[in-house]
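>
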Amino acid sequence: MNRRRAIAVLALLGALDAAYLLLGKLGVIGDLECSISRGCDMVNASSYSQFLGIPVAGIGLAGYLAIFAIALIGQQPRWVGERWPDTLLTFLCGIAVAFTLYLTYAEIIILGAICQWCVVSQVIILAIFVLSVLGLKANIIRS
Amino acid sequence: MASSQSKFYGTLAVIVLLGIAVIGYVVVKDRQQTSYTGADSFATDLEGELVSEEVGVFFGSPDAPVVIEEYADYLCPYCGMVAGLTVPQILEEYVETGKARFIFYDFPLHPGNSWVGAEAARCAGDQDAFWPMHKVLMGRMSEWGQKRDPRGLFRQYADGLGLDGKAIVECVDSGRHREVVTRSQMRARQLGLSGTPTFIVNGRRVGSAMGYDQMSALIEEELAKQ
Numbered sequence: 001m002n003r004r005r006a007i008a009v010l011a012l013l014g015a016l017d018a019a020y021l022l023l024g025k026l027g028v029i030g031d032l033e034c035s036i037s038r039g040c041d042m043v044n045a046s047s048y049s050q051f052l053g054i055p056v057a058g059i060g061l062a063g064y065l066a067i068f069a070i071a072l073i074g075q076q077p078r079w080v081g082e083r084w085p086d087t088l089l090t091f092l093c094g095i096a097v098a099f100t101l102y103l104t105y106a107e108i109i110i111l112g113a114i115c116q117w118c119v120v121s122q123v124i125i126l127a128i129f130v131l132s133v134l135g136l137k138a139n140i141i142r143s
Numbered sequence: 144m145a146s147s148q149s150k151f152y153g154t155l156a157v158i159v160l161l162g163i164a165v166i167g168y169v170v171v172k173d174r175q176q177t178s179y180t181g182a183d184s185f186a187t188d189l190e191g192e193l194v195s196e197e198v199g200v201f202f203g204s205p206d207a208p209v210v211i212e213e214y215a216d217y218l219c220p221y222c223g224m225v226a227g228l229t230v231p232q233i234l235e236e237y238v239e240t241g242k243a244r245f246i247f248y249d250f251p252l253h254p255g256n257s258w259v260g261a262e263a264a265r266c267a268g269d270q271d272a273f274w275p276m277h278k279v280l281m282g283r284m285s286e287w288g289q290k291r292d293p294r295g296l297f298r299q300y301a302d303g304l305g306l307d308g309k310a311i312v313e314c315v316d317s318g319r320h321r322e323v324v325t326r327s328q329m330r331a332r333q334l335g336l337s338g339t340p341t342f343i344v345n346g347r348r349v350g351s352a353m354g355y356d357q358m359s360a361l362i363e364e365e366l367a368k369q
């Protein structure tokens, strides 16, 4: 599986994770399953679960879907050799990683609680970012 | 190449289907489960002496000529209505002016969040903020009431009020006020109450959600007797 396909798969998993967190935030499902970390609702109900009035999980879902779409388009035969998908993915994921670091800080240092589903998202976005950077680097070397 | 593409799309489809199945299962399972039952014990011993009024939350002068008692459940919509409209006006017009004394009694009608909400308000009382927390909990019952574990929201509300939210969650977990809530509920049941909110003004029982005008007329009537 090439890098862009791997990114698409990871983005899809991230989107499902974010969708679950968003459903919890919107009250569609009662409580988040949190048997490992026991801090999911504490985090998801905190003021850090919203950014400019928008649920952070919703922003995450939109971000993952955008990454998924770019990765999917980028692995099509006509665009597979192009550099722009890697550039765009690296740029988007860079912002996402910076945002994730801020949320991780709020989660651990300010709230003192850990949400396992947020950790899953943090790992996924970091993995996507690494793959994007590697893809961009390989593309630059090739050209 | 085509086969590889098909495999890839097949993998994506499997992930989507599995994801939807898992989330769907969680939603269904959650709806079947009961609420968080931090305190679900109901007092059943109704015999003996009436539980002391000490279990209530007082507001106003002990020498006030009129005593208004309210028995309410944190998950009763009418209680939420009176907590937001009638009670604040009564407190301002009659209690703060020394004409009446207000006593709030917990009367949780259902196991689960009714109890936990009552305990959270009492825990806020430990930080001298019973009434602000009471008002927030009553006003936002539709939000926290459906949660299996509403403690995260309690913490958020408390932090929003400038309180120590973590301490409130710890207080709820410790069950520090469970006994007083239980005794308060027992008092309501000893009095034969069955619904919420119920007001008792100088011993006269008035049920249902009363508007300010009705309540005010009743208090004026009692004041005129003095």
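Chains V and R, in that order, give the protein sequences. Numbered per my numbering, the first sequence spans residues 1 to 143. Numbered per my numbering, the second sequence spans residues 144 to 369. For glycine and all other residues, C-beta sits at the position ideal for the given N, C-alpha and C.
Output needed for Ile73 (chain V): all residues of its chain with C-beta closer than 8 Å, excluding positions within five of it in sequence on either side, in chain order.
Residue numbering aside, residue 73 (chain V) sits at position 73 when the first sequence is read from its first letter. Closer than 8 Å at Cβ, skipping near neighbours: Trp79, Pro85.
> Just by C-beta distance, which residues in the region 311-340 of chain R are closer than 9 Å to chain V?
So the close ones are Val312.
> With a threshold of 7 Å on Cβ separation, who are the neighbours of His320 (chain R) within its own chain once the five nearest residues in sequence on each side are excluded?
Counted from its first residue, the second sequence places residue 320 (chain R) at position 177. Hits under 7 Å: Glu262, Arg265, Cys266.
> Near Leu65 (chain V), what residues of its chain come up, given a Cβ to Cβ distance below 6 Å and the 5 sequence neighbours on each side ignored?
Position 65 of the first sequence, counted from the first residue, corresponds to residue 65 (chain V). The residues are Ala15.
> Give me the chain V residues within the contact set of Phe151 (chain R), using Cβ-Cβ distance strictly less than 9 Å, ordered along the chain.
To locate residue 151 (chain R), count along the second sequence from 1; it is residue 8. Within chain V, the residues near Phe151 (chain R) are Met1, Arg5, Ala8, Val9, Gln75.
> Going by beta carbon distance, what residues of the same chain come within less than 6 Å of Met276 (chain R), once the five residues before and after it are set aside?
In the second sequence, residue 276 (chain R) corresponds to position 133, counting from 1. Ala264, Ala267, listed in sequence order.
> How many Å lie between Thr100 (chain V) and Ile70 (chain V) at the Cα?
The count along the first sequence starts at 1 and reaches residue 100 (chain V) at position 100. The count along the first sequence starts at 1 and reaches residue 70 (chain V) at position 70. Thr100 (chain V) and Ile70 (chain V): Cα-Cα distance of roughly 20 Å.
> I think Cys93 (chain V) touches Cys40 (chain V), with their Cβ atoms under 8 Å apart; what is that distance to the nearest whole Å?
In the first sequence, the residue the question calls residue 93 (chain V) occupies position 93. In the first sequence, the residue the question calls residue 40 (chain V) occupies position 40. Actually they are not in contact, since the Cβ atoms of Cys93 (chain V) and Cys40 (chain V) sit about 24 Å apart, beyond 8 Å.
> Assuming contact is defined by CB atoms lying nearer than 8 Å, are Leu371 (chain R) and Tyr355 (chain R) in contact in what I supplied?
Outside the modelled stretch of chain R, which goes from 144 to 369, sits residue 371 (chain R), for which no answer is possible.
> Could you tell me whether the region 324-335 of chain R touches the region 245-254 of chain R, where touching means 3 or more Cβ pairs closer than 8 Å?
Taking 8 Å as the limit for Cβ pairs, the verdict is that the region 245-254 of chain R does touch the region 324-335 of chain R.
> Apart from the five residues just before and just after Leu280 (chain R), which ones in its own chain have a Cβ nearer than 6 Å to its Cβ?
Position 137 of the second sequence, counting from 1, holds the residue named residue 280 (chain R). These residues qualify, in order along the chain: Tyr217, Gly260, Ala264.
> Within 10 Å of its beta-carbon, does Arg4 (chain V) have 16 or more other beta-carbons around it, so buried, or fewer, so exposed?
One-based indexing of the first sequence puts residue 4 (chain V) at position 4. Result: buried.
> How long is the line joining the alpha carbons of Ser132 (chain V) and Leu89 (chain V), rounded to whole angstroms?
The sequence position of residue 132 (chain V) within the first sequence is 132, counting from 1. The sequence position of residue 89 (chain V) within the first sequence is 89, counting from 1. Taking the straight line joining both Cα atoms gives about 6 Å.
> State buried or exposed for Arg348 (chain R), treating a residue as buried only when at least 16 other CB atoms are found within 10 Å of its CB.
As a first step, residue 348 (chain R) must be located in the second sequence, where it is residue number 205. Exposed, since its Cβ has fewer than 16 Cβ neighbours within 10 Å.
> Anything in chain R within Cβ reach of Ala18 (chain V), meaning under 8 Å, just list it in chain order.
Residue mapping note: residue 18 (chain V) aligns to position 18 of the first sequence, counting from 1. Those do not exist, as Ala18 (chain V) stays about 11 Å from chain R at its closest Cβ, beyond 8 Å.
> Note the first and the last residue of the continuous beta strand (DSSP E) segment covering Glu213 (chain R).
As a first step, residue 213 (chain R) must be located in the second sequence, where it is residue number 70. Per DSSP, Glu213 (chain R) belongs to the beta strand (DSSP E) from 209-215.
> Please decide whether Gly162 (chain R) counts as near chain V, where near means a Cβ-Cβ distance under 8 Å.
Walking along the second sequence from the start, residue 162 (chain R) turns up at place 19. With 8 Å as the cut-off, Gly162 (chain R) counts as an interface residue toward chain V.
> Starting from Asp17 (chain V), trace the alpha helix (DSSP H) in both directions and tell me its first and last residue.
Counted from its first residue, the first sequence places residue 17 (chain V) at position 17. Looking at the DSSP string, the run of the alpha helix (DSSP H) that includes Asp17 (chain V) is 3-26.
> Chain R beta carbons: is any one of them nearer than 8 Å to that of Ile29 (chain V)?
Position 29 of the first sequence, counting from 1, holds the residue named residue 29 (chain V). Judged by the 8 Å Cβ criterion, Ile29 (chain V) is in contact with chain R.
> Kindly indicate if chain V contains any beta-carbon less than 8 Å away from that of Leu280 (chain R).
Locating residue 280 (chain R) in the second sequence gives position 137, where the first residue counts as 1. It does not; no Cβ of chain V falls within 8 Å.
> Thinking just about the alpha-carbon of each residue, which of R:Gly288, R:Gln270, R:Gly241, R:Lys150 is nearest to the one in Ser257 (chain R)?
For the purposes of this step, residue 257 (chain R) is taken as residue 114 along the second sequence, with counting starting at 1. Checking every option, the nearest Cα to that of Ser257 (chain R) belongs to R:Gly288.
> Between the C-alpha atoms of Leu296 (chain R) and Ala127 (chain V), what's the straight-line distance to the nearest angstrom?
Position 153 of the second sequence, counted from the first residue, corresponds to residue 296 (chain R). Position 127 of the first sequence, counted from the first residue, corresponds to residue 127 (chain V). Those two C-alpha atoms are separated by around 32 Å.
> Is the Cβ of Ser46 (chain V) closer than 8 Å to any Cβ of chain R?
Residue mapping note: residue 46 (chain V) aligns to position 46 of the first sequence, counting from 1. Output row for Ser46 (chain V): interface = yes.
> Measure the Cβ-Cβ separation of Asn44 (chain V) and Leu61 (chain V) and say whether it is below 8 Å.
For the purposes of this step, residue 44 (chain V) is taken as the residue at position 44 of the first sequence. For the purposes of this step, residue 61 (chain V) is taken as the residue at position 61 of the first sequence. Going by C-beta atoms, Asn44 (chain V) is not nearer than 8 Å to Leu61 (chain V).
> Taking Cβ positions only, does Pro82 (chain V) come closer than 8 Å to chain R?
The residue given as residue 82 (chain V) occupies position 82 in the first sequence. Checking the displayed sequence, the identity of residue 82 (chain V) turns out to be Glu instead of Pro. Cβ-Cβ to chain R under 8 Å: no for Glu82 (chain V).
> Answer with buried or exposed for Arg298 (chain R), where buried requires no fewer than 16 other C-beta atoms within 10 angstroms of its C-beta.
Along the second sequence, one-based indexing puts residue 298 (chain R) at 155. When all chains shown are included, Arg298 (chain R) counts as buried.
> Evaluate Ala156 (chain R) with the Cβ neighbour count: other Cβ atoms within 10 Å of its Cβ, from every protein chain shown; 16 or more gives buried, anything less gives exposed.
Position 13 of the second sequence, counting from 1, holds the residue named residue 156 (chain R). Exposed, by the Cβ-count rule.
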